[in-house]
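Okay, so the sequence shown: first residue is 396 according to the numbering used here, each after it adds one. Beta carbons are placed, not taken as given, at the ideal position from N, Cα and C, and that holds for glycine. Structure record follows, encoded as structure tokens.
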Amino acid sequence: MPQKTIIILALAALLAGCGGTAQPTTEISLEASDFAYSTPSITVPAGQPVTLTMHNAGAVEHDFVIEKINVTDVQASDSGPAAHHQVGHAPEYDLHFFAKSGETETLEFTALEPGTYQIFCSVEGHKEAGMIGELIVVE
Ligand SMILES: [Cu+2]
């Protein structure tokens, strides 16, 4: 392989490593308790990576769901056991992560479309108990 080709490949690898354009990551921390989110309204920029950290300060398990949202690059540290949802309902949530009592988990995503999206906890009865919020995606 000619020297020049190697240099170009090395440069390409470098650029890919930092995502081409250096995009700032929005970091948000929230706490889930029995039965509320500490930050019921979260605002994030569209098209930029977000890291959401949720600590479960409650006595029971909690999760974080957005049913329908246009997202990419989603990675959850714990999306919960499959049996976690009510039998007969196997919803496909666009965003979902889960934290056991006392644990801290993270969810990474990039939201693509500005708008307001409802957040809720899908553990049975929690949404009804008021465990809801909203994610606002801005331009
Ligand atoms: Cu909950």
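Counting only residues of its own chain and dropping the five nearest sequence neighbours on each side, Glu534 has a CB closer than 7 Å to the CB of Ala441 and Pro509. Per the DSSP secondary-structure output, Thr499 pairs in a beta bridge with His450.
Annotation for Ala471: the continuous beta strand (DSSP E) segment containing it runs Val466 to Ala471.
In the DSSP assignment, Val533 is bridged to Pro440.
With a cutoff of 8 Å on beta-carbon distance, Leu490 and Ile464 are scored as near each other.
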